[in-house]
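Enquirer:
Protein chains: 4
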Amino acid sequence: MPFSTRISVSFGDTDPAGLVYFPNIFHYCHIAMERFFESICGVHYSRLIEEQHVGFPTVKIDGEFNSPLRYGDVVNLEVSVLEVGNKSLTLGYTISNSSGVACANVKQIVVAMDVRSHQSVAIPAAIRVRLIKI
Amino acid sequence: MPFSTRISVSFGDTDPAGLVYFPNIFHYCHIAMERFFESICGVHYSRLIEEQHVGFPTVKIDGEFNSPLRYGDVVNLEVSVLEVGNKSLTLGYTISNSSGVACANVKQIVVAMDVRSHQSVAIPAAIRVRLIKI
Amino acid sequence: MPFSTRISVSFGDTDPAGLVYFPNIFHYCHIAMERFFESICGVHYSRLIEEQHVGFPTVKIDGEFNSPLRYGDVVNLEVSVLEVGNKSLTLGYTISNSSGVACANVKQIVVAMDVRSHQSVAIPAAIRVRLIKI
Amino acid sequence: MPFSTRISVSFGDTDPAGLVYFPNIFHYCHIAMERFFESICGVHYSRLIEEQHVGFPTVKIDGEFNSPLRYGDVVNLEVSVLEVGNKSLTLGYTISNSSGVACANVKQIVVAMDVRSHQSVAIPAAIRVRLIKI
């Protein structure tokens with residue numbers, strides 16, 4: 163079962179056309195990923211960075227925006243695990259507006275990185291086991 | 163010849179790892195696109211929206227981030243026109259850091275839209291002719 | 163009784179020092195104000211703008227930041243009404259971190275504005291009555 | 163003579179009313195401060211942080227916004243040194259739009275901080291001497 167989370171579009175996220183500025187849709191995805199780590203992997207992303215010195219920077223991301231997200235929308239982001247590699251993780255996001263219309267699809271590849279050395283590392287075992295299970 | 167422009171990474175664009183937060187790389191692309199419109203198409207993007215009521219929202223964007231951009235980098239964005247459709251425009255971005263290393267590649271499809279009705283429209287002729295020439 | 167709301171600090175809100183970049187603290191205040199309007203004034207800020215064509219731009223804001231907000235904090239924002247004028251509204255924000263430490267204080271004056279003409283207007287009566295009651 | 167610098171308002175900086183979202187005006191101030199450090203103090207703010215481990219977080223900031231900044235504006239920020247303490251620095255910003263109208267005034271107190279320990283420190287002597295001279 164995929165993980166899902168909601169984000170309310172705030173005034174500052176939108177542009178002169180009244181629509182969410184698209185880089186903010188990727189910001190929403192990152193927030194959803196942070197919540198996914200906390201909920202599914204059992205560790206707050208901030209602790210992962212501070213205590214285990216591991217982060218998951220994005221190396222590839224593709225987005226399709228079919229319908230605009232508007233100011234006032236409560237956006238639903240459904241996060242699914244598409245692939246778990248040794249060092250990399252592929253996540254999919256289905257993004258819907260308040261009416262349940264799927265407005266955007268995003269596919270993201272992140273790589274486990276030591277935040278001190280900026281070198282890629284294996285996904286920590288405790289996280290890996292949770293990623294494979296869902 | 164592709165159009166190119168420079169953006170200095172500011173403190174607020176970076177994350178706890180000292181690297182540009184990836185949604186901000188897409189924000190840089192949008193700034194580069196705005197400058198591209200002004201320089202190549204002869205119209206400031208703000209006037210296009212206010213006077214001609216035409217904007218170019220992004221419908222598809224793919225990014226590959228091979229090397230991080232860091233605080234202190236002066237980023238170079240090279241913008242090239244990959245395809246000009248009736249209503250859509252495909253742009254490519256090659257993004258390099260201060261040392262000239264190509265750190266990211268982005269491919270973006272935007273669609274001409276009437277910002278009042280939110281309906282897609284043909285690319286205005288005056289812009290189209292410039293897009294085809296370069 | 164003041165209104166209060168919570169915002170989780172996200173990765174993208176923080177800077178290379180691991181602290182919330184201060185303009186984002188003001189962004190948090192604006193989000194809190196939007197929720198305040200919905201909860202206390204009975205109208206979503208987006209509907210206020212779209213249907214009544216009234217917004218509340220900030221004309222003066224003072225912030226004191228005593229302790230940093232960090233990545234991982236769940237920030238509590240307590241919003242109080244300090245003054246209700248004919249056209250203007252003064253709000254106070256007490257901003258605490260996860261440990262309950264008051265990290266920041268903000269005082270903001272906003273003015274009711276017709277978003278079409280950009281002229282100031284009287285605070286709509288239905289909102290005014292609610293602002294005075296709390 | 164005060165230091166001044168220009169920032170073009172980008173599409174993503176503006177809100178549904180077509181005006182710069184006010185937290186972004188503070189972001190502009192921070193960018194101006196970074197350029198001020200590079201130009202007046204002879205050190206890039208990123209090197210100050212990375213090599214000398216000193217940053218200047220904001221502890222107090224007051225802003226007055228008299229006229230809106232709009233999409234398309236090239237904003238001029240004039241930065242002046244109002245006070246140099248042992249550990250703190252007070253900066254003033256006069257912010258004008260493309261027509262030269264003073265739209266905003268900001269007064270900011272920053273404190274020198276060791277970015278590793280998050281403790282306040284004396285302003286580095288090499289910077290102090292330049293701050294006093296201008």
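So the protein lines, in turn, are chains V, F, H and E. Note that our numbering has the first sequence beginning at 163, numbered continuously upward. Note that our numbering has the second sequence beginning at 163, numbered continuously upward. Note that our numbering has the third sequence beginning at 163, numbered continuously upward. Note that our numbering has the fourth sequence beginning at 163, numbered continuously upward. Yeah, the Cβ is synthetic: ideal placement off N, Cα and C, and Gly gets one too.
By a C-beta neighbour count over all protein chains shown, 10 Å radius and 16 as the cutoff for buried, is Ser-279/F buried or exposed?
Expert: exposed
Enquirer: Any beta carbon of chain F sitting closer than 7 angstroms to that of Glu-196/E?
Expert: yes
Enquirer: What would DSSP say about Phe-255/F, mapped onto helix, strand or coil?
Expert: According to the sequence provided, residue 255/F is Tyr. The question's Phe does not apply to it. If DSSP states are grouped into helix, strand and coil, Tyr-255/F belongs with the strands.
Enquirer: Under 7 angstroms between beta-carbons, which chain V residues line up against Asp-108/E? List them in chain order, please.
Expert: Here chain E comprises residues numbered 163 to 296, so residue 108/E is not present and cannot be evaluated.
Enquirer: Return the residues of the region 186 to 213 of chain V that lie within a Cβ-Cβ distance of less than 7 angstroms from chain E, sorted by chain order.
Expert: none
Enquirer: Measuring straight from C-alpha to C-alpha, what distance separates Pro-164/H and Thr-176/E?
Expert: 30 angstroms
Enquirer: Helix, strand or coil: how does DSSP classify Phe-165/E here?
Expert: strand
Enquirer: Check Asn-228/H in the structure and name its three-state DSSP category.
Expert: DSSP places Asn-228/H in coil when its eight states are reduced to three.
Enquirer: Here's the rule: buried if 16 or more other CB atoms are within 10 angstroms of the residue's CB, otherwise exposed. What is His-189/V?
Expert: buried
Enquirer: Between which two residues does the beta strand (DSSP E) holding Ser-242/E run?
Expert: 236 to 246
Enquirer: Rounded to the nearest angstrom, what separates Ala-266/H and Lys-269/E at their Cα positions?
Expert: Computed Cα separation, rounded: 17 angstroms.
Enquirer: Out of Ile-296/E, Ala-288/E, Ser-172/E, point me to the one whose CA is closest to His-206/E's CA.
Expert: Ala-288/E
Enquirer: Could you spell out where the alpha helix (DSSP H) holding Gln-214/F opens and where it closes?
Expert: Careful: Gln-214/F lies outside any alpha helix (DSSP H) and carries neither H nor E.
Enquirer: How many Å lie between Pro-219/H and Ile-285/V at the Cα?
Expert: 46 angstroms
Enquirer: Under 8 angstroms between beta-carbons, which chain F residues line up against Asp-300/V? List them in chain order, please.
Expert: Lying before the first or after the last residue shown, residue 300/V is absent from chain V, which here runs from 163 to 296.
Enquirer: Does the distance from the CB of Pro-178/V to the CB of Gly-204/E come in under 7 angstroms?
Expert: no
Enquirer: Check the Cβ of Val-283/E against every Cβ in chain H and list those closer than 9 angstroms, keeping chain order.
Expert: Chain H residues near Val-283/E: none, gap ~14 angstroms exceeds 9 angstroms.
Enquirer: For Lys-222/F, write down the residues that DSSP places opposite it in a beta bridge.
Expert: Glu-226/V, Ile-271/F
Enquirer: For Ile-193/V, I'd like the list of residues in its chain whose CB is within less than 7 angstroms of its CB, leaving aside the five on either flank, ordered along the chain.
Expert: Ile-169
Enquirer: Below 8 angstroms, can you find three or more Cβ-Cβ pairs linking the region 253 to 261 of chain F to the region 252 to 261 of chain V?
Expert: Touching, no.
Enquirer: Chain V beta carbons: is any one of them nearer than 7 angstroms to that of Glu-226/F?
Expert: yes
Enquirer: Using 8 angstroms as the cut-off, can you tell me whether the region 207 to 226 of chain V makes contact with the region 223 to 241 of chain F, which would need three or more C-beta pairs spanning the two stretches below that distance?
Expert: Contact between the region 207 to 226 of chain V and the region 223 to 241 of chain F is present, because at least three Cβ pairs lie under 8 angstroms.
Enquirer: Output, in sequence order along the chain, the residues in the region 172 to 184 of chain V whose CB is closer than 7 angstroms to any CB in chain E.
Expert: Phe-173, Gly-174, Thr-176, Asp-177, Pro-178, Gly-180, Tyr-183
Enquirer: Please list the partners that Thr-256/H has in chain E, where partner means a Cβ-to-Cβ separation under 7 angstroms.
Expert: Near Thr-256/H there are no residues of chain E at all, since even the closest Cβ is about 16 angstroms away, more than 7 angstroms.
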